[in-house]
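Each remark here refers to the structure printed beneath this line.
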Amino acid sequence: MEHAARRIIAGLIAAAAALAAGQLAAAAVAPDSAPFYAVGNTVVDHTPAAVREWVIGVFGTSDKAVLFACLSVIIALLAAIAGLVEGERRYGTVLIGLLGVFGAVAAVTRPAGTFAWIWPSVIAAVAGALVLGTLVHRAQGQAVPDRRRFFGTAAVFALGSAGLYWLGTRWSKGTVVAAERREATVPAPVAPAPPLPEGIDVKGAVPYITSNADFYRIDTALRVPQVSTAEWQLNIHGMVDRPRTLTWADLNAMAATQRAVTLTCVSNEIGGNLIGNAMWTGFPIKPILESVGVHPDADMLLSKSVDGWTAGTPLQVLTDGRDAILAIAMNGTPLPVEHGYPVRQVVPGLYGYVSATKWVVDWEITRFDKADAYWTIRGWSARGPIKTGCRIDTPRTGDRLGTGTQIVAGTAWAQHRGIATVEVQIDDGPWQPARLAPEYSVDTWRQWWFAWQATAGEHIITARATDGTGAVQTDQIAYPVPDGATGYPKRLVTVAA
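Per mature numbering (1 follows the signal peptide of the UniProt record, and there is no 0), the sequence shown runs over residues -26 to -1, 1 to 471.
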């Protein structure tokens, strides 16, 4: 039993050494070439939509932490097996070698991958095999000195692995970009956003402006891309007369604008929280497109992130006068790195999967019948207009309330159409109009509240919204796949006598 335990420890430390060596090598090649991230991103890309939506529905913005945990458990199990089967025939070494091959293939087949991306996985496999062989050999002895020698060597390898991993993270661009962002300034907008009117925040609803810290983050990047302003470029090509490459200096030479825009994730469930409203500063997209001479038969902008993720946005939406911008600031500060620093797209009225490219570095002007984006390849709708929706922020399901006046409050959204009315229904009673906060913009959500005269018993509270065109939010329940969830939000509460 003790001998087996030592073999398992040997396998685990060998895995740690492999990951650390791979991380250090990736710092010299490309951060996403590290075996852990290469495999993790490949898993993300090949996860069925239904599974992905279940994970997001259950874990929300913690979906990446869940994936990290699952990968770590799988690696630990494989490492333990490698330790147990390592012997004269070196089956454990073979297993580590196979994992190295898998990591190399995953890395080199990434959208941004090159042949050089195989080396972190190769180096990781070699390091893991050497450590495994050494530790398993020292795990053989039964005498006390042998055990001491094993645990001493294991401790050295464990500490060495931690040191290598630390060096790998320190040598990455993350610290450089973080320091750059801290020193960055936000340009004064030539067209500042109008001031927020009094009464725009409703008690019981979430704040009208979502803080950077509370703004949802849903994307496919396991490792947040690190792009400095010095290296950032936007390559514009495809069906254009004048291809060009925008640098950071070119972008900042343009007139900045500031606008409040509510963004929504297509994975947002009925009454969900994958939605946020921020004040964005950036540069209008329409003049940039005009400068390159878009061909009249083009109908799609295929934007690409630095990590290879793509979104297909209708050109008509980008040129119809709405406030579609290349954003460089969020709520008065440079974009947080996890929200796209240094440059991302913000397009009112479309779900993020077809518009909100973060860390954007490439625009191809093309057609929907010639190109597919990341999520449309996986079965999602190509154009992704945001559906009218609303949410009950207070009370929450399970709350116990008193009789008398109780405030029901929430938010409603129909980006680029605006919200005309919100209604509330108690149980099977009639729909009753809620009061609306002032409308700031058709591109942002609108808060509402309803004074309910609560009576004793259990009650179901339901809400629905009507957009600025007069279209009422549908009661038909639909899941996020393929073009956004629909249905009425509901809350079950108990009113004490």
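We put the beta carbon where it would ideally sit given N, CA and C, even for glycine.
Please state whether the Cβ-Cβ distance between residue i and residue j is less than 8 Å.
{"i": "residue 66", "j": "residue 96", "result": "no"}
{"i": "residue -10", "j": "residue 131", "result": "yes"}
{"i": "residue 309", "j": "residue 301", "result": "yes"}
{"i": "residue 78", "j": "residue -15", "result": "no"}
{"i": "residue 392", "j": "residue 367", "result": "no"}
{"i": "residue 386", "j": "residue 354", "result": "no"}
{"i": "residue 334", "j": "residue 286", "result": "no"}
{"i": "residue 10", "j": "residue 45", "result": "yes"}
{"i": "residue -19", "j": "residue 57", "result": "yes"}
{"i": "residue 471", "j": "residue 430", "result": "yes"}
{"i": "residue 369", "j": "residue 27", "result": "no"}
{"i": "residue 447", "j": "residue 459", "result": "no"}
{"i": "residue 17", "j": "residue 76", "result": "no"}
{"i": "residue 176", "j": "residue 418", "result": "no"}
{"i": "residue 106", "j": "residue -13", "result": "yes"}
{"i": "residue 318", "j": "residue 331", "result": "yes"}
{"i": "residue -17", "j": "residue 282", "result": "no"}
{"i": "residue 272", "j": "residue 350", "result": "no"}
Three-state secondary structure (DSSP) at residue i?
{"i": "residue 37", "result": "helix"}
{"i": "residue 415", "result": "coil"}
{"i": "residue 261", "result": "helix"}
{"i": "residue 4", "result": "coil"}
{"i": "residue 49", "result": "helix"}
{"i": "residue 124", "result": "helix"}
{"i": "residue 467", "result": "strand"}
{"i": "residue 425", "result": "strand"}
{"i": "residue 214", "result": "strand"}
{"i": "residue 451", "result": "coil"}
{"i": "residue 461", "result": "coil"}
{"i": "residue 134", "result": "helix"}
{"i": "residue 252", "result": "strand"}
Give a yes or no on whether the minimum CB-CB distance between residue i and chain D is below 8 Å.
{"i": "residue 373", "result": "Chain labels in this structure do not include chain D; a single protein chain is all it has."}
Start and end of the alpha helix (DSSP H) containing residue i?
{"i": "residue 19", "result": "9 to 20"}
{"i": "residue 73", "result": "65 to 82"}
Between the alpha carbons of residue i and residue j, how many angstroms are there, rounded?
{"i": "residue 151", "j": "residue 229", "result": "25 Å"}
{"i": "residue 166", "j": "residue 159", "result": "16 Å"}
{"i": "residue 468", "j": "residue 424", "result": "17 Å"}
{"i": "residue 274", "j": "residue 215", "result": "16 Å"}
{"i": "residue 188", "j": "residue 182", "result": "12 Å"}
{"i": "residue 140", "j": "residue 303", "result": "31 Å"}
{"i": "residue 258", "j": "residue 52", "result": "50 Å"}
{"i": "residue 320", "j": "residue 232", "result": "11 Å"}
{"i": "residue 260", "j": "residue 395", "result": "31 Å"}
{"i": "residue 461", "j": "residue 322", "result": "22 Å"}
{"i": "residue 403", "j": "residue 296", "result": "39 Å"}
{"i": "residue 237", "j": "residue 324", "result": "8 Å"}
{"i": "residue 37", "j": "residue 80", "result": "21 Å"}
{"i": "residue 100", "j": "residue 84", "result": "22 Å"}
List the endpoints of the continuous beta strand (DSSP E) containing residue i.
{"i": "residue 287", "result": "284 to 288"}
{"i": "residue 269", "result": "Counting along the chain, residue 269 falls outside any beta strand (DSSP E), and DSSP gives it neither H nor E."}
{"i": "residue 405", "result": "Run containing residue 405: none; DSSP gives neither H nor E here."}
{"i": "residue 439", "result": "431 to 441"}
{"i": "residue 278", "result": "274 to 279"}
Could you give the uninterrupted runs of the beta strand (DSSP E) lying entirely in the segment 291 to 340, keeping only those of 3 residues or more?
Here the runs fully enclosed are 299 to 304, 318 to 320, 334 to 340.
Note down, one range per segment and in chain order, each beta strand (DSSP E) of at least 3 residues found wholly within the segment 219 to 247.
Qualifying beta strand (DSSP E) stretches, in chain order: 231 to 238.
Secondary structure, alpha helix (DSSP H): runs of 4+ residues fully inside the segment 88 to 116
Here the runs fully enclosed are 92 to 112.
Just to confirm the assignment: which complete beta strand (DSSP E) runs, minimum length 3, are found wholly within the segment 351 to 403?
The segment 351 to 403 contains these whole beta strand (DSSP E) runs: 363 to 368, 378 to 387, 393 to 400.
Just list the alpha helix (DSSP H) runs in the segment 137 to 210, keeping only unbroken ones of 4 residues or longer that don't cross its boundaries, in chain order.
Fully enclosed alpha helix (DSSP H) runs of 4 or longer: 148 to 157.
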